[in-house]
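Chains as they are written, first to last, in the numbering used here: chain Y, 1 to 107; chain X, 1 to 107. Glycine is no exception: its CB is placed at the ideal position from the N, C-alpha and C atoms. Computed from a predicted model, the values in this text were never measured in an experiment. Worksheet: one structure, shown below.
There are 2 protein chains.
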Amino acid sequence: MSSAKKGDLVFKALADRRRREILDLLKDEPKTTGDICAKFKKLDRCTVMQHVGVLERAGLIFSKKVGRFRWNYLNAVPIREIYDRWINKYASPSVEILTKLKHDLEK
Amino acid sequence: MSSAKKGDLVFKALADRRRREILDLLKDEPKTTGDICAKFKKLDRCTVMQHVGVLERAGLIFSKKVGRFRWNYLNAVPIREIYDRWINKYASPSVEILTKLKHDLEK
DNA sequence: AGTATATGTTATAGTTTTATAACATGTCAA
DNA sequence: TTGACATGTTATAAAACTATAACATATACT
């Protein structure tokens with residue numbers, strides 16, 4: 001798969017609120033697939049699993065099987081890449097905005 | 001609009017590749033709406049404008065009208081918020097992954 | 001005023017995504 | 001091995017999103 005396609009998967013994966021909530025659950029510690037399903041009582045178990053699949057294909061989750069359980073881990077690397085794409089490392093966002101405004105007004 | 005809803009708009013806006021390309025165009029300097037349309041020759045002008053509208057409603061773009069021209073600026077603040085949501089400030093992502101693996105293996 | 005330029009709005013067909021149901025595999029413990 | 005548990009796969013209806021066309025407004029210049 002090309003790098004561009006992989007990036008698409010990351011953003012598509014983050015586009016759904018339930019999937020972002022799953023990543024929130026995994027932020028501090030891994031969870032089993034069953035743990036995740038239990039947190040979404042209003043949602044069908046199959047639906048949750050499909051969301052987990054989308055996140056895994058995007059590389060935002062990686063997993064490790066132990067006996068009957070599948071432990072899911074957050075991989076935050078793609079999220080750092082989003083940050084690096086648009087944030088100037090040598091200026092805070094607010095400074096950046098003001099700089100651009102100034103640049104325009106001087107025209 | 002609630003904060004949660006606003007966040008939804010940001011992620012939905014980032015979900016489309018054309019919209020991400022528009023943000024890339026604005027990273028270093030503002031562009032007029034016409035400038036942006038000119039960069040997407042294969043896409044209808046109306047389509048580009050709708051994308052710009054989605055980005056603006058999400059707060060990823062803000063604009064300033066000067067005469068007949070509308071200057072569009074990138075606002076990277078929501079992107080920093082994405083970063084802050086999942087990245088632990090006191091550990092690099094790779095360190096974080098290893099820490100979680102270790103935590104699991106010790107069970 | 002009249003014309004060209006630059007931008008904005010609304011409706012809709014085509015495409016993609018989400019939630020669910022039905023079905024299926026692999027593991028543990030008595 | 002039998003039953004219960006935990007997870008995984010495939011198909012489909014409903015919902016959401018994208019691209020386009022048709023229509024509309026605002027500004028600058030002669």
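Taking a beta-carbon distance threshold of 8 angstroms, D8(Y) counts as an interface residue toward chain X. Using a Cβ-Cβ cut-off of 8 angstroms, I87(X) counts as an interface residue toward chain Y, since at least one Cβ of chain Y sits closer than that to its own. By the Cβ test, the stretch 4 to 14 of chain Y is in contact with the stretch 51 to 61 of chain Y, since at least three Cβ pairs between them sit closer than 8 angstroms. For K27(X), the chain Y residues whose Cβ falls inside 9 angstroms of its Cβ are R85, W86, N88, in order along the chain. Assigned with DSSP and collapsed to three states, F62(Y) falls in strand. Per DSSP, the continuous beta strand (DSSP E) segment holding R70(Y) begins and ends at 69 to 74. CA-CA distance, N72(Y) to F40(Y), rounds to 16 angstroms.
Sequence-distant Cβ neighbours of M49(Y) in its own chain, meaning closer than 8 angstroms and more than five residues away, are T33, C37.
Taken in chain order, the complete alpha helix (DSSP H) segments of 4 or more residues contained in the stretch 30 to 54 of chain X are 33 to 39. If you draw a 10 Å sphere on the C-beta of R20(Y), you find 16 or more other C-beta atoms in it, and that means buried. Listed along the chain, the chain X residues whose CB falls inside 9 angstroms of the CB of L14(Y) are F11, L14, A15, I82.
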